[in-house]
Amino acid sequence: MNVVLEQIFQVGFLAAIIRIATPLAFATLGEMFSERAGVLNLGIEGIMLLSAMTGFTATSLSGSLWLGVLAAVVTGALMGAVHALFTVALGLSQHVCGIGVTLFSSGLAYFLYRLIFGQQSVPPSIKSFETLPIPVLSDIPVLGPAVFNQFSLVYMAMAAVPLAALVLYRTPWGLSVRMVGENPRAADSAGVSVIATRFQAVILGGALMGLAGAFLSMVQFNAFTFGLVSGRGWVAIALVVFGRWDPWRSAGAALLFAFVDALQLRMQASGLGHIPYEAFLMLPFIFTIVAMAVMSRNAVAPSALLKPFRREER
Amino acid sequence: MIRLEARTSTPAWFNLGLPLLAIGATLVLCSGLIALAGAGVIEAYGVMFSASLGDSYAITETLVRATPMIFTGLAVAVAFRAKFWNIGAEGQLLAGAVASCAVGAIPMPGPLAMLLMAVAGAAAGAAVALIPATLRVKFKVDDVVSSLLLNSVIFYALMALIEGPWKDSFSGYPISPPIEDSANFPGLLEGTRLHLGVVAAFLAAPVIWFLIARTTLGFRIRVIGENPEAARYGGIHVERVLISTALLSGALAGLAGVSEVGGVHFQVMSDISPGYGYSGIVVAMLARLNPLGVVPAALFLAAVMTGAEAMSRATGVPAFLSDVIQGTALLAMLVALLFTAYRIRRVGTAK
Chain A
1 MNVVLEQIFQ
11 VGFLAAIIRI
21 ATPLAFATLG
31 EMFSERAGVL
41 NLGIEGIMLL
51 SAMTGFTATS
61 LSGSLWLGVL
71 AAVVTGALMG
81 AVHALFTVAL
91 GLSQHVCGIG
101 VTLFSSGLAY
111 FLYRLIFGQQ
121 SVPPSIKSFE
131 TLPIPVLSDI
141 PVLGPAVFNQ
151 FSLVYMAMAA
161 VPLAALVLYR
171 TPWGLSVRMV
181 GENPRAADSA
191 GVSVIATRFQ
201 AVILGGALMG
211 LAGAFLSMVQ
221 FNAFTFGLVS
231 GRGWVAIALV
241 VFGRWDPWRS
251 AGAALLFAFV
261 DALQLRMQAS
271 GLGHIPYEAF
281 LMLPFIFTIV
291 AMAVMSRNAV
301 APSALLKPFR
311 REER
Chain B
1001 MIRLEARTST
1011 PAWFNLGLPL
1021 LAIGATLVLC
1031 SGLIALAGAG
1041 VIEAYGVMFS
1051 ASLGDSYAIT
1061 ETLVRATPMI
1071 FTGLAVAVAF
1081 RAKFWNIGAE
1091 GQLLAGAVAS
1101 CAVGAIPMPG
1111 PLAMLLMAVA
1121 GAAAGAAVAL
1131 IPATLRVKFK
1141 VDDVVSSLLL
1151 NSVIFYALMA
1161 LIEGPWKDSF
1171 SGYPISPPIE
1181 DSANFPGLLE
1191 GTRLHLGVVA
1201 AFLAAPVIWF
1211 LIARTTLGFR
1221 IRVIGENPEA
1231 ARYGGIHVER
1241 VLISTALLSG
1251 ALAGLAGVSE
1261 VGGVHFQVMS
1271 DISPGYGYSG
1281 IVVAMLARLN
1291 PLGVVPAALF
1301 LAAVMTGAEA
1311 MSRATGVPAF
1321 LSDVIQGTAL
1331 LAMLVALLFT
1341 AYRIRRVGTA
1351 K
């Protein structure tokens, strides 16, 4: 047990937590915006994968990392718009559309990747971002090198959490998002365009999922592999519920999951313990399912989640 | 001006017309990708067709591929009829595969082993589906998310098994020990991979159709899906019917796993299902939730999958085209279903 404790407080371990949490934080915030507006986006798994592919490809062809990030964000936003077109404009069932978007985007990602790069024995890779130490802060012992000597996308994720909370709770647009997610009829009467607001929220959510994908292929792995996302999108769906649709709690949930995941990786590497590592990977899903059962008493999910809005239908 | 108008009834030919319309639109949309890959569209689809339906061997391969998707398609169709949003057919399939593999590894007479494999697999799938149904009935937990998340739980449980107690101690590969030879489903035709599970799937479709269309349980399943308030008013115990639906749906998805273990792989590995559970959603939607429609819908997807590999070899178009076709077909079908609710009317331009 002591060995475990020793490892927890290592710089490398803390840094690993931050790195695992970053794509989850982006994805979770993205899903949260979408759901707060009343649109469940099960396309997240595929959107992350497709964005990871376009980001990687853009960087690989142009040599510019930021162009890759931009490509991933645009891809995510576009796929968000597609999901919104089906679920918001046409009012089709959100869960089935989401599965459709995931199947379509993952298929397209694999197809285009194979078309562009062909079948190579060693998958092509890119030169990733360098870490960017923040002066003064990165000199703090332990915490400094782990938290403040990171990649710029990590800092962006750290900034995205308070920013998301600010936008959601303190801006008129954030109020509109919450209104169309809770009571679209009332929002409509108050002159808020339900359709437009939902479109914007789902597109913003898609863009954030795009950032999550970009981080995976351009920072974490420096390559696009076929199991790149491997369920991280579904983890984000769970974290949104676990984080009660709140930016701070969701980010906290992402950190908690990252901690468990990093711990699991360490235990695997050190051959410690006899608990299979899969048991740890299952935890966020089991916790979320249990949490949903416990929480349902004081239902916190956006009331209009999964419900399409058609003005003429009363 | 064109406007959408609510429709009160749908003509019967829609049942066949809409899926064909969706599939046609899908093939047209996806031809852009074939052209992008620098191949002839007609040629690529031609190879796809001949390699999946062109000769008797190809047809048998397509039948084998369609089998698990008939089961998962039926599972999703039954669940969606009752508006039990079972997105968890993938996990239920895996649970069925694991359970049947465990039973199949016990030495016993062949027919008994096969029967027990089917029972165990169906029970395991039903047990998994029972979780989201119970949570919804008792705690009002959203079944979409809970059934989806269970897929990951079951997948990791399977991984823990095949990387732990079931791991092949000789090779070190994460695959389960094979089932007993006597438990292997008998082949139907020399030189093909047709097996008992294929027949079972093709029989399951009319049985499930009969159950939904002609029995009391089927009637209740349809009513709680279409109008739960009326069902309750009419004395139907909605919660109980929902649980029964979940058990039936999970059992069907579990049988998909049984059939793959007993008839195709004879053991369990991490990629035993390339997403057949999710394909089941595509199949069920293309079938308009009609159990008889599930068979042609599953055959279509299976033909695309088997055909795509040959197309890739012949024309260089990546075989992943089949995944794109699946996703596009689902979305196209959803849009096509709008025609059942609305009709497009041309009206005089308003001044």
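Listed in order, the protein sequences are those of chains A and B.
In case it helps, the numbering used here puts the first sequence at residues 1 to 314.
In case it helps, the numbering used here puts the second sequence at residues 1001 to 1351.
Positions of the beta carbon are idealized from the N, C-alpha and C atoms, including for glycine.
Note that this is a predicted model, so its numbers are computed, not measured.
Is there a C-beta anywhere in chain E that falls below 7 Å from the one on residue i?
i: P123 (chain A); result: The structure shown has no chain E; the protein chains it does contain are A and B.
How far does the alpha helix (DSSP H) with residue i in it extend, from its first residue to its last?
i: H83 (chain A); result: 65-84
i: D188 (chain A); result: 184-189
i: D1143 (chain B); result: 1143-1163
i: Y994 (chain B); result: There is no way to answer for residue 994 (chain B), as the model of chain B reaches only from 1001 to 1351.
i: P1107 (chain B); result: No alpha helix (DSSP H) holds P1107 (chain B); DSSP gives it neither H nor E.
i: Q264 (chain A); result: 247-270
i: Q1326 (chain B); result: 1321-1341
i: V1076 (chain B); result: 1056-1081
i: H95 (chain A); result: 94-117
i: E35 (chain A); result: 11-36
i: E1309 (chain B); result: 1291-1315
i: A201 (chain A); result: 194-215
i: S303 (chain A); result: Run containing S303 (chain A): none; DSSP gives neither H nor E here.
i: T59 (chain A); result: 44-62
Between residue i and chain A, is any beta-carbon pair separated by less than 7 Å?
i: L1018 (chain B); result: no
i: Y1057 (chain B); result: no
i: I1281 (chain B); result: yes
i: A1350 (chain B); result: Its pLDDT being 47, under 50, A1350 (chain B) is placed unreliably by the model, and the measurement read from it follows with that caveat. It does not; no Cβ of chain A falls within 7 Å.
i: L1331 (chain B); result: yes
i: M1305 (chain B); result: no
i: Y1156 (chain B); result: yes
i: V1141 (chain B); result: yes
i: A1124 (chain B); result: no
i: Y1278 (chain B); result: yes
i: A1302 (chain B); result: no
i: V1153 (chain B); result: yes
i: S1146 (chain B); result: yes
i: M1117 (chain B); result: no
Would residue i pass as an interface residue toward chain B - the criterion being a Cβ-Cβ separation below 7 Å?
i: R314 (chain A); result: Residue placement at R314 (chain A) is flagged as unreliable, the pLDDT there being 48, under the threshold of 50; the coordinate-derived value follows with that caveat. No, because no Cβ of chain B sits closer than 7 Å to the Cβ of R314 (chain A).
i: P308 (chain A); result: no
i: P276 (chain A); result: yes
i: L92 (chain A); result: yes
i: G118 (chain A); result: no
i: T87 (chain A); result: no
i: M267 (chain A); result: no
i: M158 (chain A); result: no
i: A37 (chain A); result: no
i: I134 (chain A); result: no
i: A293 (chain A); result: yes
i: G100 (chain A); result: yes
i: H95 (chain A); result: yes
So, under 8 Å CB-CB, residue i and residue j are touching, yes? Tell me the CB distance rounded to an integer number of Å.
i: A1051 (chain B); j: G1307 (chain B); result: 5 Å
i: P135 (chain A); j: V11 (chain A); result: Not really, about 18 Å apart at Cβ, beyond 8 Å.
i: A254 (chain A); j: A16 (chain A); result: About 14 Å separates the two Cβ atoms, so there is no contact after all.
i: A316 (chain A); j: W245 (chain A); result: An answer regarding residue 316 (chain A) cannot be provided, because it is not within the stretch 1 to 314 covered by chain A.
i: E45 (chain A); j: T102 (chain A); result: 5 Å
i: L90 (chain A); j: L1338 (chain B); result: 6 Å
i: V1317 (chain B); j: A1039 (chain B); result: 5 Å
For the ligand MG, I want to know if residue i counts as a neighbour, meaning its beta carbon is within less than 6 Å of at least one of the ligand's heavy atoms.
i: P1109 (chain B); result: Inclusion of the ligand MG in the displayed structure is not the case, the ligand content being empty and no account of it being possible.
May I ask you to list, following chain order, the residues of the region 1033-1045 of chain B that have a beta carbon less than 8 Å from some beta carbon of chain A? L1033, L1036, A1037
Going residue by residue through the region 1178-1248 of chain B, where are the continuous alpha helix (DSSP H) segments of at least 4 residues, counting only ones entirely within it? Counting whole runs of 4 or more residues, the region 1178-1248 of chain B contains the alpha helix (DSSP H) stretches 1196-1214, 1216-1226, 1228-1233.
Residues of the region 47-81 of chain A whose Cβ lies closer than 9 Å to any Cβ of chain B, in chain order: none
What are the residues in the region 102-114 of chain A lying within 9 Å of chain B by C-beta distance? Flagged, chain order: T102, L103, F104, S105, S106, G107, L108, A109, Y110, F111, L112, Y113, R114.
Which residues, in order along the region 220-253 of chain A, keep a beta-carbon less than 7 Å from a beta-carbon of chain B? G231, W234, I237, A238, V241
Chain-ordered residues of the region 1308-1328 of chain B with a beta carbon less than 7 Å from chain A: Those residues of the region 1308-1328 of chain B that come within reach of chain A (Cβ to Cβ, closer than 7 Å) are P1318, F1320, L1321, D1323, V1324, Q1326, G1327, T1328.
Give, in chain order, every residue of the region 1086-1111 of chain B whose Cβ lies closer than 8 Å to some Cβ of chain A. I1087
Please list the residues of the region 200-213 of chain A that have a C-beta atom closer than 8 Å to any C-beta atom in chain B, keeping them in chain order. none
Short of 9 Å Cβ to Cβ, which residues in the region 1052-1086 of chain B face chain A? Against chain A - using a Cβ distance shorter than 9 Å - the residues of the region 1052-1086 of chain B are F1080, W1085.
Which of the residues in the region 9-43 of chain A, read from start to end, lie with their CB under 9 Å from any CB of chain B? L40, L42
Taking Cβ-Cβ distances below 8 Å as the criterion, which residues of the region 278-292 of chain A are in contact with chain B? E278, A279, L281, M282, F285, I286, T288, I289, M292
Taking Cβ-Cβ distances below 8 Å as the criterion, which residues of the region 1231-1247 of chain B are in contact with chain A? none
Members of the region 1161-1172 of chain B that neighbour chain A once the beta carbon cut-off is set at 8 Å: Interface annotation for the region 1161-1172 of chain B against chain A: E1163, G1164, criterion Cβ-Cβ distance under 8 Å.
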